[in-house]
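Visitor: There's a structure below that I have some questions on.
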């Protein structure tokens, strides 16, 4: 007998268990609200120890008591809570005096005993409690109620409510408990509802226990942690898991096609890891090995090591796709949790003060005090003292629209009469201080940092402007304002501008002219402002406030310093004051700084004003480190709070659509009348026999079409476009959609004559249209009808068939009819708020999103997750991407998430917008494009597999005759044991290519192939076998070495230019001398190409020089000892930087001028000798290609150029320098 690990009971039926541990645990854990703190963020092997959590205090029912006496249960758990509440006279307690169960002092002590309670006390001292705080308070009280086993009677709840109002003066007693009266049948209030919900949960729990065990359990023991010998994932479970998703089904369809592609493997790992986190399995070696074995069983062409490799010996951590994905997901979840907390804190700072104001006192006096400042500010600006006082008092109401560039125009317009005042900047400073997001007195820091900043920026410059500024800063007569001006301009050298657009990166000079505008008269200032706006409009840069210093330049300042934004102008007598107001202006309204000198302003914001900035640059951080010691010490706490990842339990369920099953079943009979199984079968001949041989009735005409189009805005637009000429493709599709909608609405027969009347009506109304575009009947050579109308009906029916299949999957019983109801002209309910709520409840991500619905606007990442869930469902059910559907989605989101805006998710196209917009529409378009590219990639992948596998299959399945078997086996058997005679070896090598092909061009199998045929490759003529395989692979030009004679003259002329180093100078002189041999020219060109195609970084801290690359591309040596020493030195350097070793050229001689005529290719113990440098290069390229070996990373670009240009081999990496060199040499080659 085996006991269930979830409930401790025996659930065997005829000796066989009817449920698994996972099945019971999933339900049991969900009901008992198990929560686990998952902190597996280390790369080391980590185990999840799941602590048993009893029912929360609000579910605190002693099961033992339930068994010992049913009367106890009846006293504490009533089926209807209303029957347990007695009258207010205390009759429920025997009619005597009512004892004191709870008081305000008891509540204060209770709240002081927990961190949550202390937070509630702190919030209560500031004003009315928020909804969340009230729920937490009620939860604490009800927990204590069940712990103390107090009677659940009216007087107890009234005492709870009175204690709350006694401690929190601004709370209302009726909010927490309101007794029933004459017109009120039941009690109400937060306390009553909480107890009622608690008892329902308890009843469900007891029913669950009784269902799975047949009798109430004696004890409720925590489920033991599953042993690691348990099956966390079997091949059958993996197959079921993949069948539950469209992506998984697509993966299963490729299981027999060969090894999965990289993208398919990533999708498979995503599905399994998501389940791993949802079920909170331990990340142990045995678990991940089970995952890898399950994959190996389902996908037989996959290898276990791809997905998991345990650590051993020198390997400190596990590896493989599973382990890396789990670690990455946990780090991402940790960062996401931290980001969400910051987002919620920001939303809370904005929303809570407004909530406190909204629930202020109900008295008329309080309402007047609340409304008066806003109403006065909207109409008045004088006296200024009153304006400042009302501005301060109205901050909590206005705060929600501050710090947002989208609402800035609205705020500026509403209070323009205040902001345009000369003292309007005082209102901005007041808001900046009350926002409390930076140092409002940051301008004082200039006095501390200016001397160090001037010293740091006083260095030689190339341009005249910067030279003049540096000289002025070090002169004996600069004013503080001119110093500030000069520093602001020179900072653009230290913090250089970044790219504004792909084709425009501003110069330092442009940034200096942009950071400050100079002008003496108003006309000069206006001209420069207009010029700046024109440049910003050209490069699509948002316009923010700008500094204007009166004077011709930094040396002739007149003492007037201004801040301009649109028509708002503030004037100051100090440059620092102007900078101060500009920063606060941009922060309060959420405006962007100029992208041209953006780094300078980000430095000022982050260092001077301690404002948070999203972008971090090394140059900014370096400057901050330089200036930080200049500031006086402040007590700054920079530690982060501990963050915990709380992952809620979520069952593996398919997405469930909210469908009205009754309507589907009721209308099924009507559907069967108009929707046939095959559309081609119902189209009759053109003689009208489809209508019983009688005269064909008039179903549709041009006038009917005109009336139909006039009844909708889309139709009227089509009529307008049709009057101008031929309809565009989009208009034709919309026209066909309107017709087919009307066709199904009127339930017209789907026969050839009807479609022909539709097409004739279109051509009758739109003279430029062609009838055959819309309908073309089948004829002798045409087996099926065609045209837009026919294709639309066919596609509609396919979608309906998918709909029926989905309906059958959800409800378990297929409808009686074959087809779903006809599509009405008014869009059906594709997604309602209820359906969206159900959809989100089915996933762990969706549940987290729902928990944030009441916390304020969603963050950017949360919106993307919400859109992903909806779009996946949209594409899975193959719903049409129409305006009505998108609007339903957006409306459902705004109903569930009340703080979200509909325009964020969908914006319909209008006169100025050519296509729809919004997150939903953009994601659907992007997903479809990505799916199309993915389909093409998978097709290419399958073709590659077929090209590799099919020759082997043909070879493995030879004729059954003995002769054929001998002819097939003889070459391989002979080559395994022999190397002489060489002619026989070459013949058998050629005949065995189809069998050996699968192991070629793969660096992983290269050592095995070399070891197997070492006796052949190590021969002096072994390179001939490599050349033979290269020709049969047919992946490049096997005669590419002939191109050298065409390109050498141009290449020598191009590379013969002045060089700085002595070696390159000597090579260039040698190439232009009168006595170079062809081999020395090839050698010199190969070395000089490292100047043209310079080496790239090998490691983060190592980028080879050109000299190192020249020494690496060719090794020189006269004796074998010299060559051996250089090879050992090369191997040591490659091992130091973890570079894979490939074949290398060795030219005999001291250098390029003293070559002896022997040119070799070395790889491990294989050496091939030639009497020509070109021949050695030729064999090295073919050797690397046949075995799939990498070229040296140090001179990699040189070999990529030779491979792609000389041998026409495909290369994965493209470099501009290589492409440029190819364009230079391409005309030198003969035209084939």
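In the numbering used here, the protein residues as written are 1 to 1232. Ideal Cβ placement from N, Cα and C applies to all residues, glycine included.
Kindly provide the ranges of any alpha helix (DSSP H) runs that are 4 or more residues long and lie completely inside the segment 842–877, ordered along the chain.
Guide: 844–851 and 860–876, all fully within the segment 842–877.
Visitor: May I have the straight-line CA-CA distance separating residue 881 from residue 921, to the nearest angstrom?
Guide: Whole-angstrom Cα-Cα distance: 8 angstroms.
Visitor: For the candidate residues 1031, 233, 458 and 303, whose alpha-carbon lies nearest to that of residue 279?
Guide: Nearest of 1031, 233, 458 and 303 to residue 279, Cα basis: 233.
Visitor: Within 10 Å of its beta-carbon, does residue 375 have 16 or more other beta-carbons around it, so buried, or fewer, so exposed?
Guide: Its Cβ having fewer than 16 others within 10 Å, residue 375 is exposed.
Visitor: Could you compute how far the alpha carbon of residue 726 sits from the alpha carbon of residue 766?
Guide: Roughly 8 angstroms between the two C-alpha positions.
Visitor: Which runs of the alpha helix (DSSP H) spanning at least 4 residues fall entirely within the segment 1142–1180, listed in chain order?
Guide: Here no run is fully enclosed.
Visitor: Given a cut-off of 9 angstroms, decide if residue 256 and residue 938 are closer than it, judged by their beta-carbon atoms.
Guide: Going by C-beta atoms, residue 938 is not nearer than 9 angstroms to residue 256.
Visitor: May I have the straight-line CA-CA distance separating residue 123 from residue 900, to the nearest angstrom?
Guide: Spanning the two alpha carbons is a distance of roughly 26 angstroms.
Visitor: For residue 1139, which residues in the same chain have their Cβ closer than 6 angstroms to its Cβ, ignoring the five residues on either side in sequence?
Guide: Within the same chain, residue 1139 has close Cβ partners 1193.
Visitor: For residue 778, does the three-state DSSP call read helix, strand or coil?
Guide: Reduced to three states, the DSSP call for residue 778 is coil.
Visitor: Measure how close the beta-carbons of residue 338 and residue 469 come, nearest whole angstrom, since I'm counting them as under 8 angstroms.
Guide: Contact flag wrong, Cβ pair sits at about 43 angstroms.
Visitor: I think residue 544 touches residue 617, with their Cβ atoms under 8 angstroms apart; what is that distance to the nearest whole Å?
Guide: Actually they do not touch by this definition, with Cβ atoms about 19 angstroms apart.
Visitor: Give a yes or no on whether the C-beta atoms belonging to residue 163 and residue 104 are separated by under 9 angstroms.
Guide: Taking 9 angstroms as the Cβ cut-off, residue 163 and residue 104 qualify as a contacting pair.
Visitor: Can the beta-carbon of residue 1129 be found closer than 9 angstroms to that of residue 1141?
Guide: Not a contact, by the Cβ cut-off of 9 angstroms.
Visitor: Checking the sheet assignment: what are the DSSP bridge partners for residue 564?
Guide: According to DSSP, which records beta bridges pairwise, residue 564 is partnered with 546 and 569.
Visitor: Going by CA-CA distance only, name the one from 984, 1186, 974 and 1175 that's closest to residue 1035.
Guide: If we check each option's Cα against that of residue 1035, 1186 comes out closest.
Visitor: Which residue spans inside the segment 1075–1134 form an unbroken beta strand (DSSP E) run of at least 3?
Guide: You should have 1114–1117.
Visitor: Consult DSSP for residue 762 and reduce its assignment to one of helix, strand or coil.
Guide: Here residue 762 sits in helix by DSSP.
Visitor: Might you give, ordered along the chain, the residues of its own chain that have their beta carbon closer than 6 angstroms to the beta carbon of residue 907, omitting 5 neighbours on each side?
Guide: These residues qualify, in order along the chain: 917 and 918.
Visitor: With DSSP as the reference, label residue 1195 as helix, strand or coil.
Guide: Note: residue 1195 maps to coil in three-state DSSP.
Visitor: Output the boundary residues of the alpha helix (DSSP H) element that contains residue 1046.
Guide: Start and end: 1044–1055.
Visitor: Output needed for residue 505: all residues of its chain with C-beta closer than 8 angstroms, excluding positions within five of it in sequence on either side, in chain order.
Guide: Excluding residues within five positions, the ones whose Cβ falls inside 8 angstroms are 497, 498 and 499.
Visitor: Return the Cβ separation of residue 1124 and residue 1115 in integer angstroms, given the expectation that the two are a contact with Cβ distance under 8 angstroms.
Guide: Wrong, their Cβ atoms sit about 10 angstroms apart, outside the cutoff.
Visitor: Let me confirm a value: residue 476 is counted as buried when at least 16 other C-beta atoms fall within 10 Å, else exposed. Which label applies?
Guide: It is exposed - the Cβ of residue 476 has fewer than 16 other Cβ atoms within 10 Å.
Visitor: Tell me whether residue 319 sits in a helix, a strand or coil according to DSSP, three-state version.
Guide: Here residue 319 sits in strand by DSSP.
Visitor: List the endpoints of the continuous beta strand (DSSP E) containing residue 517.
Guide: Unbroken beta strand (DSSP E) run through residue 517: 516–519.
Visitor: How close, in whole Å, do the beta carbons of residue 517 and residue 487 come, if the pair is a contact with beta carbons under 8 angstroms?
Guide: The pair is not a contact, with the Cβ atoms about 17 angstroms apart (cut-off 8 angstroms).
Visitor: Within 10 angstroms of its Cβ, does residue 1087 collect 16 or more other Cβ (buried), or is it exposed?
Guide: So residue 1087 counts as buried.
Visitor: Return the chain-ordered list of same chain residues with a C-beta closer than 8 angstroms to the C-beta of residue 981, the five sequence neighbours on each side being excluded.
Guide: Closer than 8 angstroms at the Cβ level, and outside the excluded window around residue 981, lies no residue.
Visitor: Can you grab the Cα-Cα spacing for the pair residue 857 / residue 897, in whole Å?
Guide: Going from the Cα of residue 857 to the Cα of residue 897 covers about 8 angstroms.
Visitor: For residue 745, report the span of its alpha helix (DSSP H) as first-last.
Guide: Note, residue 745: alpha helix (DSSP H), 729–746.
Visitor: Can you tell me which of the three DSSP states residue 1026 falls into?
Guide: Three-state result, residue 1026: helix.
Visitor: Give a yes or no on whether 9 angstroms exceeds the smallest Cβ distance from residue 1069 to chain B.
Guide: This model lacks chain B altogether, as it is built from one protein chain only.
Visitor: Mind the definition here: the segment 872–881 touches the segment 844–853 only if three or more C-beta pairs lie below 8 angstroms; say whether that holds.
Guide: As far as the Cβ criterion goes, the segment 872–881 does not touch the segment 844–853, which means the pair count is below three.
Visitor: Taking residue 157 and residue 177 to be in contact with their CB atoms under 8 angstroms, please state how far apart those CB atoms are, rounded to whole angstroms.
Guide: About 5 angstroms; that satisfies the 8 angstroms criterion.
Visitor: Give the secondary structure of residue 1209 by DSSP, where H, G and I count as helix, E and B as strand, and everything else as coil.
Guide: The answer is coil: DSSP assigns residue 1209 none of H, G, I, E or B.
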